[in-house]
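Below you'll find the structure, written out as structure tokens, and then a few comments.
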Amino acid sequence: MQEIYFIINPSAGNGRCLIIWKKIEQTLIQENIHYLAFFTEYGGHATKIASQIAAINDHPKLVIVVGGDGTLHEVLNGITNHKNIKIGLIPGGSGNDFSREFQIPQDPLDALKVLLRLRKERPAFIDIGKIMFQDDTEHYFINNMGAGFDAYVAYKVNHSKVKSILNKLGFGRLVYVYFLLKELFLYKTNTIDLMIDGTKSTFKQTWFVTISNQPYYGGGMKIAPNAEPDDGLLDITVVYQLSRIKLLLVFMTVFLGKHIHFKEVKTFRGKTITIQSRSTMFVHGDGEFIGYTPLHVDIQCKGIQILTRRQPKEEADWKARDTYDIH
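Start counting the sequence shown at -11; every next residue gets the next number (our numbering).
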């Protein structure tokens, strides 16, 4: 029988996840569902917990994260070498971009109901990205990673008291916008060398490079509107040679994915990417600060099993064609 484990980040959402977990726990007891629960106590703890769960035995396991994309990122990095584990998420963070793309309800009890149903069905295999730094350390990401201004903003967000204040007020999604505006006029752009599948390009005055496995980041910004998490490719977005005022205009359009029509925004697709910069740039993975450039990224095709209501693209296309033929 499939074993169910919950990894709860009680600090996510400024403590909201602890309230969420109490509701979930009550439902699990009422439904007589056997489970084990673990609580994180510090940054990186979810990785350690997930790794220990994975190492117990080779039985099929479902690990459900109660937290935000950062907690999910940590769990991913604890189980990437274990193919017997499926991941689910009950969203409780400020951004919740994973649940947005993979159609998991924002309401925790609705999310639990969906995940308990999906655990009996065939999971979806999606791609993940593997980041390798110069010191040989490795990180995996499930949503996206970035180098430059977006990573710097993510660093500031996750090290500020403003995030908890906005979460308390119910405006957690705006924390990224707040810090974007705050840091915009202080940040210095960079020259980068970008290698994609063996082809090198140089970009001057670069604000940031984002490598995406799905469209959303930063709390609903559609940074890579055409990204598909199961197509064997990563989507690369480069923003460069923009004035600070025009960068604001770009960010006003990014929630609709219209920023890609600016001439200062270049998009690519590839499987292996190297980023080098004239001076070091902050790097994030799924919104969490993880290091600095230079770095190399490889796609890991079908690298993880997840629970999702999202229909695979090829299946959606087939059904659309089938419907068209019928009518």
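Note that CB positions come from ideal geometry on N, CA and C, so glycine has one too.
Quick caveat, the model's predicted, so the values are computed rather than measured.
query = Are GLY81 and GLY56 closer than 8 angstroms when you measure CB to CB?
reply = Contact flag set, yes.
(message) Spatial neighbours of SER189 within its chain, please: C-beta separation below 7 angstroms, excluding the five flanking residues on both sides.
(response) LEU182.
### Query
For ILE361, which of ASN69, GLN91 and ILE233 has the nearest alpha-carbon?
Here the chain comprises residues numbered -11 to 315, so residue 361 is not present and cannot be evaluated.
Check the C-beta distance from ILE(-5) over to ALA38 and give it rounded, since I have them as a contact under 8 angstroms. The pair is a contact, with the Cβ atoms about 6 angstroms apart (cut-off 8 angstroms).
Original post:
In three-state DSSP terms, what is MET269?
Top reply: Correct three-state label for MET269: coil.
- prompt: CA-CA distance, ASP95 and ILE8?
  reply: For ASP95 and ILE8, the distance between alpha carbons rounds to 9 angstroms.
**Request:** Answer yes or no: do GLU89 and ARG257 have a C-beta to C-beta separation smaller than 8 angstroms?
**Result:** No, the Cβ-Cβ distance between GLU89 and ARG257 is not below 8 angstroms.
Quiz prompt | Three-state class that DSSP yields for ASP305 in the structure shown | solution = Note that ASP305 has pLDDT 48, beneath the 50 cutoff, so the model's placement of it is unreliable and no number is given.
Q) Going by C-alpha distance, which of THR262, THR198, LEU106 and TYR128 is nearest GLN288? A) Closest by alpha carbon: TYR128.
**Message:** Taking the beta carbon of HIS272 as the centre, do at least 16 other beta carbons fall within 10 Å, making it buried, or is it exposed?
**Reply:** Classification for HIS272: buried.
Nearest residue (CA-CA) to MET133, options SER(-1), ILE261, SER265 and ASN(-3): Of the candidates SER(-1), ILE261, SER265 and ASN(-3), the one whose C-alpha sits nearest the C-alpha of MET133 is ILE261.
Practice prompt. Would you list the residues sitting across from LEU222 in a DSSP beta bridge?
Written response: GLY258, per the DSSP bridge assignment.
For HIS270 and GLY245, what's the separation of their Cα atoms in angstroms?
Here residue 270 is Phe; the residue named in the question, His, does not match the sequence. Within the model, the alpha-carbon separation for PHE270 versus GLY245 is close to 24 angstroms.
Reference GLN18; option with closest CA among GLN202, TYR164 and LEU97: Between GLN18 and the set GLN202, TYR164 and LEU97, the nearest pair of CA atoms involves LEU97.
Notebook entry, point to check: Is it the case that the Cβ atoms of LYS192 and TYR228 are separated by a distance below 8 angstroms?
Noted result: Cβ atoms of LYS192 and TYR228: closer than 8 angstroms.
Q) Would you report the Cα separation of ALA212 and SER267, rounded to the nearest angstrom? A) Whole-angstrom Cα-Cα distance: 26 angstroms.
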